[in-house]
Amino acid sequence: MTEARDMADSFLDRLGRFLARRLHSANAGYEPYTPSDPATLSRTLQPGDIVLVEGNQKVSAAIKYLTQSTWSHAALYVGNALKPDEQSGPDYPQLVEVNLGEGCVAVPLSKYSRFNTRICRPVGLTPEDRAAVVSYMVERLGVRYDMKNIFDLLRYFFPTPPVPVRWRRRMIAFGSGDPTRAICSSMIAQAFQSVHYPILPEVTRAPGRQRADSEYSRREILHIRHHSLFAPRDFDLSPYFRVVKPTLEYGFDYKALEWSHKSPAPLAGPGASSGADD
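Counting with the numbering used here, you get residues 8 to 285 for the letters of the sequence shown.
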């Protein structure tokens, strides 16, 4: 009996890893508008910052659809916490992330040099809590996720299910297997929750406090807070995280931009003639 169960678990695990590899295959035709420069990112990022990524994998398309967002992945910047020694090259792991089929891993910034990214910075985070958030993620490196819950994986092969908008995010929570936690941003959210740093607003009707105006929004926020199930876009929408744009952090002078020598054609104002005969 035990041997048969072990064989079944082994088969499901292999099947799960096969499905995970298929979900990680890239969609053709992806071109970023403003690809990230690792050197500029490294100069701008601070430990504890979150890097959101617009992925181009099959699972990325599903997550972007289900969460109605351009961001399909999130990673935490840990700075020099994983730098081996002074002799190491510049391309050492500076991001800690959780990937389907891999679990919690550390990767260099150059991994996302050809993707659209966004930096979300927790405002007012104390140095002690910043270090605690970084340590929380670093200590979980190597944690792997069981791939035997095949049902959790199969749902991502149907990125556009015919369900109402209000149910789409809940499809990520549907099921209880480890792949759910591996895909979502829950580990990063748990890192911030460990130091009591908020991500989404409190749901309250108290005067002068932030609140969701619609009944649907309140239910959605309560659902996410209760289940600790956060999507990458929640850090972008959070009122407690600042969006940081590297091109603006060190001074931006639009006069210094080099344009083509051709002058743009003037826009026709109200009542201007097109030059054509009536």
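A virtual CB, placed ideally from N, CA and C, is assigned to each residue, including glycine.
Predicted model, so just to flag it, every value in this text is computed and none were measured.
For residue i, name the three-state secondary structure that DSSP assigns.
i: I206; result: coil
i: G23; result: helix
i: T124; result: strand
i: P129; result: strand
i: R333; result: Within the shown structure, residues of the chain are numbered from 8 to 285, placing residue 333 beyond reach of any answer.
i: Q101; result: coil
i: L73; result: helix
i: V140; result: helix
i: Q64; result: strand
i: A198; result: helix
i: Y84; result: strand
i: A113; result: strand
i: A46; result: helix
i: A238; result: coil
Let's test the definition: count the other Cβ atoms within 10 Å of the Cβ of residue i and tell me whether it reaches 16, buried, or not, exposed.
i: A263; result: exposed
i: W78; result: buried
i: L255; result: exposed
i: F242; result: buried
i: Q250; result: For the sequence presented, residue 250 should be read as Val rather than Gln. Per the 10 Å Cβ criterion, exposed.
i: N87; result: exposed
i: Q101; result: buried
i: G149; result: exposed
i: Q75; result: exposed
i: Y119; result: buried
Look at the Cβ atom of residue i, then the Cβ atom of residue j, and state whether they are nearer than 8 Å.
i: S245; j: A81; result: no
i: F248; j: R125; result: no
i: V58; j: Y84; result: yes
Let me make sure I understand the geometry here. Which of the options has the alpha-carbon closest to that of residue i?
i: Q53; options: G258, P134, V60 and D92; result: P134
i: A238; options: T254, L255 and I206; result: I206
i: E146; options: R24, C111 and T47; result: C111
i: G62; options: R121, P208, E265 and Y143; result: R121
i: R28; options: G55, S67 and V150; result: S67
i: S91; options: E109, L73 and A113; result: It should be noted that the sequence gives Pro, not Ser, for residue 91. Per the Cα distances, A113.
i: S142; options: V105, G108, R151 and S201; result: S201
Consider the Cβ of residue i: report whether some Cβ of chain D lies at a distance smaller than 8 Å.
i: A33; result: In summary, chain D is missing from the structure at hand, where a single protein chain is found.
Just list the residues that DSSP pairs residue i with in beta bridges.
i: L59; result: A81 and R125
i: R249; result: R128
i: A33; result: Q64
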